[in-house]
Amino acid sequence: MGFLDAPPIRKPMVSPFPKPGLDENDRILRTSLRLSSLVRGLFLLIATTAFCLFPAKAANDSGGNDSDPSESNDAPVAQWHFDGADALGTWQGSGHREDAGPRPPVYPGFAAGNRAAELSGKDAALVVPDTGTENLRFGLGDSITIESWVRVRSIRDGQQVYLVGKGRNRTKEFGERNQNYALRLKGSGGKALVGFLFSSLPLDGKPSGWHRWWSTDGFSPDEGWHHAAVTYTFGKADSVRGYIDGHEVKGVWDMDGATDRAPVSDADALVIGTGYRRSPEETLDGWLDDVAIYRRILSPETIGAHYAVIPAAPVVEAGVLPPGKVLMQICEQGVPEHAQWPAAPLAATESYEEKAFGFFDIPQKYISTGVRADRANPYLLRASALIDLPKGTHRLLLRGRGAARLYVDGKEVLKTPFPPRDTSGHGHVSAQDHYLNLGPDFRFVPPGNREAWCSFVSDGKPRPVILETIVGGLVGSDGRNVFRAELGETVVAWSPEGSPSWQLLSPGPDAIPYTDVDWGAYAAERREYLDGLNRTARAAKRAEHAGYWNGRRNAAHDWLASTPETPVPALPAGYPGLNEVDRFIGARIAGVVAANARAASANIDYFREVQPILEAKCYSCHQGGKVRGGLHLDGRASALRGGKDDGPALVPGKPEESPIYLRVQSSDPDEVMPPKDKGDSLSPAQIATLKRWIAEGAPWPEFRTRRFDFTPLADDLTFLRRVTLDTAGVVPSEREIRDFLAAASPDRRARVIDRLLEDPRWADHWMGYWQDVLAENPNILNPTLNNTGPFRWWLYESLRDNKPMDLFVTELLRMEGSPRFGGPAGFGVASQNDVPMAAKAIIVSSAFQGVEMKCARCHDSPANVSKQEDLFALAAMLNTKAITLPVTSSVPLDRIHQGGRKPLIEVTLKPGSSVGPKWPFERFLAENSGTPLAEHPDDPRDRLAALITAPANVRFAEVMVNRIWQRLMGRGIVEPVNDWEKGHASHPELLQWLAREFVRSGYDVKAIERLILNSHAYQRASDPTLSEPDPLLIAPARRRLEAEQIVDSLFSATGKPFRTEEVSLDIDGARTANDSISLGQPSRAWMLTSTSNERDRPSLTLPRIQAVSDVLEIFGWRGARPDASTIRETAPNVLQPAILSNGTMSGWLTRLSDDHGVTRLALENQPVESLVDRLFLRMLTRNPSPEERARYVSVLAKGYENRIIDTPATLEAPSGTRVREHYVSWSNHLDAEATIVRHQQEIDARRGDLPTTRLDADWRERLEDVLWALLNSPDWAFTR
Amino acid sequence: MTVSSMSRRRFLQSAAALAAAPCLNRLSHAADGLTTAPIRGKAEHCIFIWLGGGMAQIDTFDPKKRGNPKSTPKEAGSDYAAIDTVVPGVRFTEHLARTAQVADRLTVVRTVNHHVIDEHAFATNLVHTGRLISGSVIYPSIGSVISHERGAANPEVPAYMLIGLPNVSRGPGFLGAKHGYVYLVDTASGPAGFSRPEWVDSNRAARRQELLQPLLEQAPAGTGVADYEQAQSEALRLAGPGFMRHFKLDEEPASLRQSYGGEFGQRCLLARRLVQAGVRFIEVSHNLNFINGTGWDTHNAGQLNQHVLIRELDNALSALILDLESKQILDETLIVVGTEFGRPAAFDGGGGRGHQGTAFSLVLAGGGLRHRGVYGVTDELAKMPLENPVSIPDFHATVYATLGVDPSRSLLNGGRPVPITDGGKPVGALFS
């Protein structure tokens, strides 16, 4: 122990940070030189012949002494080294001893045998009396710096331990309100925060205050040593600064807050290691070294330099390296959050294997039942392998988005820096002019990556190679805002001696070329591999919860056994039927046929003439669960029953006595219907129609059916196109068509249905639907109102795994996992919304219970039974605690009462009311009967999930099967599917039966789809004269294709690759995860989202995505989904055929570039007739008629034999002129050059890829025109 | 872009007032200069010029004392000198010299105000739709509403066209895709969906139609397929020479083209041709950000070349007014200059300007209004309205009224009536 007036000069200050003006290469060399003498024991040390050559500039660097001589001029007033030397002060209490302190090589500021004080968290205290010899007292205007090295073994959340404090020793003389000053640590969220504390002198009658400052962020207690420091000038409230490991950290004053008052300054003792109680609660459990107090403010640079660390080289035991593979280790604990390498090698928290040193992603982390979660940010990724390179001098390349370092044989040979992160948008495009170009087919560095290379001499023996990279990182020092943990393209590649080309460094036998084309293929292959790992990981997580979910299955079967089955009716004679579904449908039709036969026919056509009037003018108030004036106009019986004000609305045969007629033609503003503010009055023609209808007896048939003759089964190819669109979301490929037609078995339709239900594309096809219904609304730019996280990735994985719907709903409502990167926690987000959970409750009730609560957001619904309190009770369940209704979510009363009429809406819930979690749908299931099913009944979210998905809540299963039914059949058994108060089941027994089958199947969507798809009703030929689906299902109508089906099918049918920009405006990762996300490289339409160009900045456009989005939006897709929707607009408009005829995307699809599927088809050796037939199969899933064939053959026959050009002109640019294309990202979008780059990209997008030169131009153009015609057939807008 | 908690809170309050609006009309409260009397203007067309980023009113249409972004400390105020206009007492900055000469054909509404400043997307949406973004309804843009209410003046052409980038704020919202825009991103590209790719000449286009014929169905009337096929022939017609000739700017005299100026001017000229063709509403975006790096969002160094943007606007706007006048269609064509907010008199650290919603200028020209050069008075640094404040709904109501659309009428979103404006009242003084 030593207590010194002047610091010893024995510890040179060594900075790991470069001096200004040194470039990156200097940094690498300096560090590696040092490492070469320090590194030890990674693998068995092999006398090495491998070394690295650096560029000449670096070789000139002296690598000189970094010690900072200025330090000795400003000595600490007191310093403790704990290394056995004499000291002022006496140890008291127990649990302290000397132990090894921070030592080189990792801590080069200390001597080799340096020692420290270990405290075991009991009551040890080094008490230093204030004799007045040293100037340890600080008064108003004095500046202080306190610093300490500390290594924490453990600290509990909330625990506050003293590193050093003066005063507050509870002595008789000084009492305890005399904390002169103290440097402390506090446990918080698993971390140790740094704190400063002092008591102020009483002033102006105000008593002494406690002024306590804590950093808002801390360091993780781990194996390493940390450095904590605080500087402060007494009397200057805002002068406090805190530092951890040499970096400033933000913090806040609490207790009596910041003050300009003077501190207590007295002769009380100074204590190191514990606080005034001398109790374990206040005593450090860990190690201390080099505690120092200065009478001045040390600069940030000086404090930064005090934390001198040379990170240890990574270690991997040779024995654990898998032969021929790369061992991948993910380290999530102990990674410094700021731009620095960990002092000590980190232990792996997870491992897997890779094929080569080429990485763009790592396995996903899953929690709970297999829900996407975030890894620690930042995390460290380590890749290690035994690499066998031939003897020679090769080149070596390192790339990464995060900082990366590469070790061969334990020696650092290459390093890339921590990324510069300037989020202002004022970067320059010209900064991209500097990049490596190391060969004729060298892959240029992708945006946001940094790179380094060197020459490398191999002795031909296998060498261990380790790559480490730190991924992600914290922003600033004040919170949890992080950079996205993206790998970019983290790669080690090598170029063999004498070769101009590069390949990925790989322990395996195969060379993997590292070029643009090969990287694409490699990445696709590894993506599949990672997907496999992820699937396995999800399955394992789900298996962990099998116990509970099996219990749920049993409960469902018990419920089925305890409730009566729905009898399946017999198929009426002469009715077509393939399965039970058809028997229900047949029986229903037979019933209606019999009823219609009894009904007398009137002249007026109710459905054509009357119903449209009722729908347009009456139904918004007089249909469904809640109606105005108690009057339902859902059917004849309810109209005759009438409402509160007028009695029966109709007197059949007597219009002049029928209120419905009298009201619509009234001129009294208090009587007329519809009320003035609900829409225009009826036209004279409409009034006349109603009058005639009533005069004719007001016939009101249940169904609109013009005929009762069934259409036959659709032909095979029509069926195949329809069913493939309805499952895979795309038209069948030529191969799928041929396989289907070749299958002779009589059950080939059933087989193809089975195959398609197992097709991974089945998940894609459901994506857009759930994105709409659940209002998935991510924003690639700054979040705005009702933006959610991109929980699309959880959705997709759930569908891929065919999760039972009860589990699906439970995971959704639990809102666990990653909020910003695809977990269901992202569903829980509604940015800028004053009550996010109310928005979610609206979605949940409509999606899964068929209850529309939208209006209840601000007032009781005028058209639905739900009150505002119901919605907020549901929202409180999602919120897990009571919600206070904000003023901002209520309609002011003065805005409601404004006319003579009774207001349309009511507000029964007052702003400021608190609404607790309560199940609002007792009418479906009693709260106490569903709750026991919950896995965690104490958690309101779990309770809600159980209540919704309990088998006894029949409504859930019915709503689900109705949604499936609507999607496949074109209309729901109950309409509208999202709001059941408005309609009645057309087939109540079928609905009930399907719902029970759904429960029986284990809530398996595919099981219900299988039933429907195998029915005759589904497979019947469509009736081309129908404008909408026939409610009795006598024949299907042609259905509109969904936007995603059109786009995905067009790409898949033509074989043109779906190639757009990455869905991101921050492709170089310069912005934080809160501001910008990436939705990756899309391969299906659902992966797109709004390009968010409300800023109207040309440099923020994504022209290729825009070209595809244009098509999608015109066909009803929404890029932004602030609210939920189930049914999209289907009315045709002029923009739809226009965008298919002349849009940019259609240009790509109808121009035969080299990578176009039809180009390949045209190059095949076959008769021209075959080419035409195959085009029809691919595009329209049918054979051409003889006339069509003749017509297209006649166009293509001319010059057909000579269509192929033997020696195509090369389109490749001459070697040596390749340049890396400029890119635009948020980081540089305000540069004028960025607009120019984007403009060129826009022109390029519009032009598309150049046509192939392998086909004769004139013939090619004719084929393109044929293709264009096929693409503009209405078959791309409607099913058959 | 910093979010002040104050503005955020105020935003939420007003957001809720609006979020609650769909089911109701606002109580009427006549403010000074605003009128509740029914007004039916006679304008037939609207050219809506959009200055994305937030035009600094104090550097353009509402000049105040000179400031200095380069002195230390920086001095708040206009960055340019003020000049007289042809309307006595009305002054613009020196870079609006040409517009100053036609100030009697326009009215600068200097007291437009709202509370959304922290986010361009929000404010852009507000000025386009007249409403704050709602969590439960996507409101239609003013172009879509006018297209919905009035249709195209000539049924042979689209009702609503956009020369600029597509986005949600400009879209049809709950009115549906039918009331969306046909857009082109610059005058050279032609409208998306209606201009054929450059490699398809008229011969190929004809061959394509011929090859398509066998695949068309002549579906029974009243069915979706029939409607679609009808739309298809309509689209074909629009892609034909009749409509496409309106995009041939080289038909215009060279001197006239020159008077309009660069690409933005050419967009305005194209807008005039589209008016003549019968398009009801044309939005023209002035998003040529590369001129000063930031466009109208003149933070920091964006201020340095702001005058180039202003002069572009000056050229094009004055040329458009005079051109419409010479074609005798100025009275039937309302020109609106819109922007999402204004900018404060004070300069930021980089010598540019931040955002200001408390008072900013929007411009109305032509349209048969009784113009007066300016309407409304702001304080000494153009920060707050002093006389005749005009809310965004009021401004929208004025535009609607000018085009003969009743601003208090309701549109139906499903079953919910949504008033066209949120209680907006037209500026009565502009209607004689």
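Protein sequences, first through last, are from chains A and B.
Okay, so the first sequence: first residue is 4 according to the numbering used here, each after it adds one.
Okay, so the second sequence: first residue is 368 according to the numbering used here, each after it adds one.
By construction, the Cβ of each residue, glycine as well, lies at the ideal position given by its N, Cα and C atoms.
Margin query: Could you compute how far the alpha carbon of T1075(A) sits from the alpha carbon of S1081(A)?
Written below: As a first step, residue 1075(A) is located in the first sequence; it is residue number 1072 there, counting from the start. As a first step, residue 1081(A) is located in the first sequence; it is residue number 1078 there, counting from the start. So the two alpha carbons sit approximately 11 Å from each other.
Checklist line | Assigned exposure category for H768(A) - 16 Cβ within 10 Å defines buried | finding: Taking the first sequence and counting its residues from 1, the one referred to as residue 768(A) is at position 765. Its Cβ being crowded by 16 or more others within 10 Å, H768(A) is buried.
Note to self: 9 Å is my cut-off, CB to CB: does R517(B) come that close to chain A?
What the structure shows: As a first step, residue 517(B) is located in the second sequence; it is residue number 150 there, counting from the start. Interface annotation, R517(B): not in contact with chain A, CB-CB separation never under 9 Å.
Next item on the list: Compare the beta carbon distance of G444(B) and G456(B) with 9 Å and say whether it is the shorter of the two.
Entry: For this step, residue 444(B) is matched to residue 77 along the second sequence. For this step, residue 456(B) is matched to residue 89 along the second sequence. No.
Check: Got a sec: which bits of the stretch 599-622 of chain B sit with their beta carbon under 8 Å from any beta carbon on chain A, in order along the chain?
Finding: Cβ contacts with chain A: Q599, E601, A602, L603, L605 and A606.
Next item on the list: Starting from the beta carbon of A1141(A), find every residue of chain B whose beta carbon is closer than 9 Å, and list them in chain order.
Entry: Here residue 1141(A) corresponds to residue number 1138 of the first sequence, with the count starting at 1. Ordered by position in chain B, the residues that pass the 9 Å Cβ test against A1141(A) are V549, P558, A559, G560, F561, A598, Q599, E601, A602, L603, L605 and A606.
Checklist line | Cross-chain neighbours of R574(B) in chain A, by beta carbon under 7 Å | finding: Locating residue 574(B) in the second sequence gives position 207, counting from the first residue. Contact note: R574(B) reaches chain A through D1268, using a C-beta cutoff of 7 Å and chain order.
Note to self: Beta-carbon within less than 6 Å of F743(A)'s beta-carbon, same chain only, minus the 5 sequence neighbours each way: which residues are those?
What the structure shows: Along the first sequence, one-based indexing puts residue 743(A) at 740. Excluding sequence neighbours, F743(A) sits near L723 and V755.
Notebook entry, point to check: Roughly how many whole angstroms lie between the Cα atoms of S203(A) and H250(A)?
Noted result: Counting from one through the first sequence, the residue named residue 203(A) turns up at place 200. Counting from one through the first sequence, the residue named residue 250(A) turns up at place 247. Roughly 28 Å between the two C-alpha positions.
Next item on the list: Starting from I505(B), find everything on chain A with Cβ-Cβ shorter than 7 Å and list it in chain order.
Entry: Locating residue 505(B) in the second sequence gives position 138, counting from the first residue. Ordered by position in chain A, the residues that pass the 7 Å Cβ test against I505(B) are P1125.
Checklist line | Against chain B: residues of the stretch 1031-1048 of chain A by CB proximity under 9 Å | finding: Within the stretch 1031-1048 of chain A, those residues whose Cβ lies closer than 9 Å to any Cβ of chain B are, in chain order, E1031, A1040, R1041, R1042 and R1043.
Check: Would you report the Cα separation of T34(A) and E356(A), rounded to the nearest angstrom?
Finding: Walking along the first sequence from the start, residue 34(A) turns up at place 31. Walking along the first sequence from the start, residue 356(A) turns up at place 353. Below a pLDDT of 50, predicted positions are generally treated as unreliable, and T34(A), at 31, falls in that range; no measurement from the model is reported.
Check: Where H613(B) and L1183(A) are concerned, what is the direct C-alpha to C-alpha distance, given to the nearest angstrom?
Finding: In the second sequence, residue 613(B) corresponds to position 246, counting from 1. In the first sequence, residue 1183(A) corresponds to position 1180, counting from 1. Approximately 36 Å between the Cα atoms of the pair.
Note to self: For S1173(A) and W696(A), what's the separation of their Cα atoms in angstroms?
What the structure shows: Your numbering for residue 1173(A) matches position 1170 in the first sequence. Your numbering for residue 696(A) matches position 693 in the first sequence. For S1173(A) and W696(A), the gap between their C-alpha atoms comes out near 59 Å.
Notebook entry, point to check: Applying the criterion that 16 or more other CB atoms from any shown protein chain within 10 Å of the CB defines a buried residue, is V1171(A) buried or exposed?
Noted result: To locate residue 1171(A), count along the first sequence from 1; it is residue 1168. Buried.
Checklist line | Stretch pair the stretch 503-514 of chain B + the stretch 530-549 of chain B: three plus CB contacts closer than 8 Å | finding: Yes: the two stretches touch, three or more of their Cβ pairs being nearer than 8 Å.
Next item on the list: Evaluate the contact criterion for the stretch 1081-1094 of chain A versus the stretch 1058-1066 of chain A: three or more CB pairs, one atom per stretch, below 8 Å.
Entry: Contact holds: three or more Cβ-Cβ distances are below 8 Å.
Margin query: According to DSSP, is Y1284(A) part of a helix, a strand, or is it coil?
Written below: No answer is possible for residue 1284(A): it lies beyond the span of chain A, which begins at 4 and ends at 1283.
Note to self: Give me the chain A residues within the contact set of H487(B), using Cβ-Cβ distance strictly less than 7 Å, ordered along the chain.
What the structure shows: Stepping through the second sequence from its first residue, residue 487(B) is reached at position 120. Ordered by position in chain A, the residues that pass the 7 Å Cβ test against H487(B) are E1097 and R1098.
Check: Going by beta carbon distance, what residues of the same chain come within less than 7 Å of L439(A), once the five residues before and after it are set aside?
Finding: Mapped onto the first sequence, residue 439(A) falls at position 436. The answer, listed in chain order, is V448, E454 and W456.
Next item on the list: Can you pull the chain B residues whose beta carbon is under 9 Å from the beta carbon of K681(A), in chain order?
Entry: As a working note, residue 681(A) is residue 678 in the first sequence. Simply S777, L779, G782 and P784.
Margin query: Across the stretch 647-662 of chain B and the stretch 417-433 of chain B, are there enough close Cβ pairs to call them in contact, namely three or more that are closer than 8 Å?
Written below: The stretch 647-662 of chain B is in contact with the stretch 417-433 of chain B.
Checklist line | Given P381(A) as reference, the closest of A388(A), S354(A) and H341(A) once Cα atoms are compared | finding: In the first sequence, counting from the first residue as 1, residue 381(A) sits at position 378. Minimum Cα distance to P381(A) is reached at H341(A).
Notebook entry, point to check: Is D1051(A) closer than 9 Å to G732(A) when the C-beta atoms are compared?
Noted result: If you number the first sequence from 1, residue 732(A) lands on position 729. If you number the first sequence from 1, residue 1051(A) lands on position 1048. Between G732(A) and D1051(A), the C-beta spacing is below 9 Å.
Note to self: Using C-beta distances below 7 Å, list every residue in its chain close to L623(B), excluding the 5 sequence neighbours before and after it, in chain order.
What the structure shows: Position 256 of the second sequence, counted from the start, is the residue given in the question as residue 623(B). Taking C-beta separations shorter than 7 Å and ignoring five residues to either side along the sequence, the partners of L623(B) in its chain run D690, following chain order.
Checklist line | chain B contact for E872(A) (CB, 9 Å cutoff) | finding: Counted from its first residue, the first sequence places residue 872(A) at position 869. No, E872(A) does not count as interfacial toward chain B.
Margin query: Between the alpha carbons of R666(A) and Q835(A), how many angstroms are there, rounded?
Written below: Within the first sequence, residue 666(A) is the residue found at index 663, counting from 1. Within the first sequence, residue 835(A) is the residue found at index 832, counting from 1. Each residue's Cα considered, the two are about 44 Å apart.
Notebook entry, point to check: Should N380(A) be flagged as near chain B, meaning a C-beta pair shorter than 9 Å?
Noted result: As a working note, residue 380(A) is residue 377 in the first sequence. No, N380(A) does not count as interfacial toward chain B.
Next item on the list: Pick out the complete beta strand (DSSP E) segments inside the stretch 698-778 of chain B, 3 residues or longer, and give them in chain order.
Entry: Within the stretch 698-778 of chain B, the complete beta strand (DSSP E) runs of at least 3 residues are 700-705, 727-733, 740-742 and 752-754.
Item checked: Coarse secondary structure for M840(A), derived from DSSP in three states -> Taking the first sequence and counting its residues from 1, the one referred to as residue 840(A) is at position 837. Here M840(A) sits in helix by DSSP.
Next item on the list: Kindly list the residues whose CB is nearer than 7 Å to the CB of L1103(A), restricted to its own chain and excluding five residues on each side of it in sequence; keep chain order.
Entry: Along the first sequence, read from residue 1 onward, the residue named residue 1103(A) stands at position 1100. If the five residues before and after L1103(A) are omitted, its C-beta is found closer than 7 Å to the C-beta atoms of L1068, N1096 and H1232, all from its own chain and listed in chain order.
Check: With a cut-off of 9 Å, does the C-beta of N659(B) fall near any C-beta of chain A?
Finding: Start at 1 with the first residue of the second sequence, and residue 659(B) comes out as number 292. Output row for N659(B): interface = yes.
Item checked: Given S191(A) as reference, the closest of W213(A), L206(A), Q162(A) and Y184(A) once Cα atoms are compared -> Residue mapping note: residue 191(A) aligns to position 188 of the first sequence, counting from 1. Of the candidates W213(A), L206(A), Q162(A) and Y184(A), the one whose C-alpha sits nearest the C-alpha of S191(A) is Q162(A).
Next item on the list: Could you tell me whether any Cβ in chain A is nearer than 9 Å to the Cβ of S536(B)?
Entry: The residue you call residue 536(B) lines up with position 169 of the second sequence. A Cβ of chain A is located within less than 9 Å of the beta carbon of S536(B).
Note to self: Considering only their Cβ atoms, is the gap separating H214(A) from G1(A) smaller than 9 Å?
What the structure shows: As shown, chain A starts at 4 and ends at 1283. That puts residue 1(A) outside it, with no answer to give.
Margin query: For R1263(A) and T1147(A), which I take to be in contact (beta-carbon distance under 8 Å), what is that distance rounded to the nearest angstrom?
Written below: Start at 1 with the first residue of the first sequence, and residue 1263(A) comes out as number 1260. Start at 1 with the first residue of the first sequence, and residue 1147(A) comes out as number 1144. Beta-carbon to beta-carbon, R1263(A) and T1147(A) are separated by about 20 Å, too far to satisfy the 8 Å threshold.
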